[in-house]
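Quick notes on the structure that follows.
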Amino acid sequence: MKTSRHRRLSICLTDLENIPPEKITIAGNGKKYTSLTTWDYESEHTNDHDFSVSVTRSPQEKQDGIPVMYIGGGLIIGY
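For the sequence shown, full-length UniProt numbering gives the first residue as 1, with consecutive numbering after it.
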């Protein structure tokens, strides 16, 4: 059985405004969505975050060396 982790994160709303239009999907309900990626740090990060949040890159974007667009970070605060 999996154990859940409780996370608290913050996202920079200004950075969200800079997400390229091709990264935004408009659903049938008219709401806009984008795919986000998170990853945990193995040790304490300089910003005191346990993990970071970025806009998901495609395999081609990774291969082309497109930089990661960091938009936030957070803490793991319990189980």
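The beta-carbon is built from N, C-alpha and C at its ideal position, and this holds for glycine as well.
Item to check | Integer-rounded CB distance, given that Ile26 should sit under 8 Å from Val53 | outcome: Taking a contact as a CB-CB distance under 8 Å, the pair Val53 and Ile26 does not count as one, their CB atoms being some 21 Å apart.
Item to check | First through last residue of the beta strand (DSSP E) which encompasses Asp50 | outcome: If you look at Asp50, you'll find it isn't in any beta strand (DSSP E); DSSP assigns it neither H nor E.
Checklist entry - Sorted by chain position, which residues of the same chain lie with C-beta nearer than 8 Å to residue 93's C-beta, five sequence neighbours on each side aside? => result Absent from the model: residue 93. The displayed extent of the chain is 1 to 79, so no value can be given.
Next on the checklist: Rounded to whole angstroms, what is the Cα-Cα separation between residue 87 and Lys31?
Outcome noted: Any question about residue 87 goes unanswered here, given that the chain covers just 1 to 79.
Item to check | Host alpha helix (DSSP H) of Thr37 (start-end) | outcome: Thr37 -> not in any alpha helix (DSSP H); beta strand (DSSP E) instead, spanning Leu36 to Asp40.
Checklist entry - When DSSP builds the beta bridges, which residues end up paired with Leu75? => result The partner list for Leu75 (beta bridge, DSSP) reads Arg8.
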